[in-house]
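Some notes on the structure that comes next.
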Amino acid sequence: MVRIVFLGEFDAGKSTLIGRLLFDTGSISEERKEEFLKVSKELGKSQEFAYLLDSFEEERKGEFTLDTTQVFLKTKNREYLLIDVPGHKELIKNMLTGTSYADKAILISDVEKPLEEQTQRHLYLLKFLGIDEFIIVINKMDKVGFDKLSFDKSVKEIEYFLREMDLKPLAIIPISAQEGENLISHSFKMDWYSGPSLLEAIEKFEIEKEKEKPLRFLVQDIYFKKGKEIVLGRVISGKLNLGDDLKIAPEGGNCRVKKIVVFGKRKKEAREKESIGLILDKKGIKRGKILYKDLSPQIGFQFTARIFSLSSFSNLERFIFKSNVQESECSIVKINEVLDPVFLRKKISQEIKSNEVAELILKTEKPIVFESFSNTEELGKFILYKDGKALAVGIIP
Numbered sequence: 003m004v005r006i007v008f009l010g011e012f013d014a015g016k017s018t019l020i021g022r023l024l025f026d027t028g029s030i031s032e033e034r035k036e037e038f039l040k041v042s043k044e045l046g047k048s049q050e051f052a053y054l055l056d057s058f059e060e061e062r063k064g065e066f067t068l069d070t071t072q073v074f075l076k077t078k079n080r081e082y083l084l085i086d087v088p089g090h091k092e093l094i095k096n097m098l099t100g101t102s103y104a105d106k107a108i109l110i111s112d113v114e115k116p117l118e119e120q121t122q123r124h125l126y127l128l129k130f131l132g133i134d135e136f137i138i139v140i141n142k143m144d145k146v147g148f149d150k151l152s153f154d155k156s157v158k159e160i161e162y163f164l165r166e167m168d169l170k171p172l173a174i175i176p177i178s179a180q181e182g183e184n185l186i187s188h189s190f191k192m193d194w195y196s197g198p199s200l201l202e203a204i205e206k207f208e209i210e211k212e213k214e215k216p217l218r219f220l221v222q223d224i225y226f227k228k229g230k231e232i233v234l235g236r237v238i239s240g241k242l243n244l245g246d247d248l249k250i251a252p253e254g255g256n257c258r259v260k261k262i263v264v265f266g267k268r269k270k271e272a273r274e275k276e277s278i279g280l281i282l283d284k285k286g287i288k289r290g291k292i293l294y295k296d297l298s299p300q301i302g303f304q305f306t307a308r309i310f311s312l313s314s315f316s317n318l319e320r321f322i323f324k325s326n327v328q329e330s331e332c333s334i335v336k337i338n339e340v341l342d343p344v345f346l347r348k349k350i351s352q353e354i355k356s357n358e359v360a361e362l363i364l365k366t367e368k369p370i371v372f373e374s375f376s377n378t379e380e381l382g383k384f385i386l387y388k389d390g391k392a393l394a395v396g397i398i399p
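In the numbering used here, each number is its position in the sequence shown, counted from 1, plus 2.
So, in structure tokens, the structure goes:
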């Protein structure tokens, strides 16, 4: 499954675009389709495709996805998970977490205001998170009479910024989400455009071949039943087999898998993303430990990270570092650089302001198990807290 995050300025038409794609590809049930047509009629409006997305129950992942909605789209070739995140400036923290669940991205820009401040932030954050396959759509072409010159002007403005960022989209496509032009097939109203429709471009997204990653098992809790100690947790990468000899991080030690259980039933193996219970030949393993075999993850007190700040703070402050169930007090050793993602100004500073991006070196009080975000997402992302308030979200590059 390809996971695509939809980004864009508020009122750029994200919800309308996703709703229209769901409708035109037949990815919604007949019941939901009838409800949608009924509501549109009651409102006395033409089909309001944004309502389709609003009608889906929100799926909330993690702490910062207050308004993130996820829906499924099916084509003849593939299945897609479409992720809609807020475009409001004050909800950029939600966007960041929404993006971290995506493999690809579609950035929606309004033809009449193609490069708003939030659009620039979104482009920077795509680079920050390592999402290098993305499509840009210039929406609301119906508002300018499907005019080629208006499209060309928007493209020129966006391409200048892309060059500054060293980013290259797979395509820049003129569309009208409301009227369905250039979404599934080529638009006769824009016969001057010779590139792919949006769906054609989406189908060209590359899917990386699954590589067997080294085993990483995250210990989330310990449960006792009939005198037996059951280690509860999740396989965050790789494959775990009955009888495997495992190592314990960060402090060291070994253990062997005697049983794998799920809801009281035994299993012989467990794969990535599975939540399971383990009965081991060793007792006393605690929450927050990482079990692994073969290749060892990185273990240490100090590492380089990239953060996106949610509040202002200085390099003298102390924080609580949280990465899944791992937690430790931490401090900043050095701020390497700070960058304003709107004006692309780099600076050396001892203070990081709200909405700035920074590269810094962190030092934790306890040893932390970590890996690069691109290799193992669950061990490569974290949140910095102070006094119960989240100050920054970050990744380990």
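All residues carry an ideal CB built from backbone N, CA and C; glycine is no exception.
Asked: Is DSSP giving residue 195 helix, strand or coil here?; Found: coil
Asked: Tell me the DSSP secondary structure of residue 327 in three-state form.; Found: coil
Asked: Measuring alpha carbon to alpha carbon, tell me which residue in 322, 230, 325 is nearest residue 286.; Found: 230
Asked: Going along the chain, which unbroken runs of the alpha helix (DSSP H) with 4 or more residues stay wholly within the region 181 to 257?; Found: 200 to 204
Asked: Since residue 20 is in the alpha helix (DSSP H), which residue starts that stretch and which ends it?; Found: 16 to 26
Asked: If you drop the 5 nearest sequence neighbours on each side, which residues of the same chain put their C-beta closer than 7 angstroms to that of residue 330?; Found: 323, 366, 367, 368, 370
Asked: What are the start and end residues of the alpha helix (DSSP H) that includes residue 154?; Found: 150 to 167
Asked: Are the beta-carbon atoms of residue 396 and residue 388 separated by less than 8 angstroms?; Found: no
Asked: Taking all protein chains shown into account, do 16 or more other C-beta atoms lie within 10 angstroms of the C-beta of residue 386, making it buried, or fewer, making it exposed?; Found: buried
Asked: Strictly by DSSP, which residues pair up with residue 310?; Found: 359, 395
Asked: Got a sec? Which residues, its chain only, sit under 7 angstroms from residue 135 by beta carbon, not counting five neighbours each side?; Found: 106, 172, 207, 208
Asked: Considering only the alpha carbon of each residue, which of 358, 308, 265, 205 lies closest to residue 81?; Found: 205
Asked: So if DSSP puts residue 269 in a beta bridge, which residue, or which two residues, is it bridged to?; Found: 262
Asked: Would you give the residue range spanned by the alpha helix (DSSP H) that residue 34 belongs to?; Found: 32 to 44
Asked: Which value, in whole angstroms, describes the spacing of the CA atoms of residue 15 and residue 132?; Found: 25 angstroms
Asked: My parser needs the beta strand (DSSP E) runs of 3 or more residues fully inside the region 100 to 133; what are they?; Found: 106 to 112
Asked: Start and end of the beta strand (DSSP E) containing residue 136?; Found: 136 to 141
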